[in-house]
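Just so we're on the same page, this note's numbering is the position in the sequence shown counted from 1, plus 38.
Everything on this sheet refers to the single structure shown next.
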Amino acid sequence: SAIMATLFFGGYALPFGIGSDFLPILGPFILAGKIIVLLFLFIWVRASLGRPRYDQLMGFAWRTLLPISLVYMIITALLTVFFK
């Protein structure tokens with residue numbers, strides 16, 4: 039949660055630059071608040087969703103993730119060739 043809050047949610051910064059004058063004082067508390075919210079969300083999602091079986095995970099990987107990644111690779115290759 040701390041890594042996700044730091045890398046993807048701005049760390050100790052408030053959204054939209056609100057309260058930047060008090061940032062040195064509030065920074066650690068803002069980061070701790072973001073970590074607590076993310077921990078709550080992770081635990082909530084983990085507790086509400088059932089654990090997928092191994093065959094469901096393999097089916098999802100083969101039927102969904104592999105075709106999406108192959109299409110993405112083809113699109114990236116075509117864009118690289120045409121816009122280089």
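Positions of the beta carbon are idealized from the N, C-alpha and C atoms, including for glycine.
These figures come from a predicted structure and were not determined experimentally.
- Message: Using 7 Å as the threshold, is the C-beta distance between Leu43 and Leu87 below it?
- Response: Residue identity check: residue 43 is Ala in the sequence provided, not Leu. In this structure, Leu87 does not lie closer than 7 Å to Ala43 by Cβ.
- Query: Can you tell me where the alpha helix (DSSP H) with Ser39 in it begins and where it stops?
  - Reply: Here Ser39 belongs to no alpha helix (DSSP H), and DSSP marks it neither H nor E.
- Message: Within a Cβ cutoff of 7 Å, which residues of the same chain sit near Phe47, ignoring the five residues on either side of it in sequence?
- Response: Lys72
- Query: Which stretch, first to last residue, makes up the alpha helix (DSSP H) that contains Thr114?
  - Reply: 104-120
- Distance, Phe80 Cα to Met96 Cα: 23 Å
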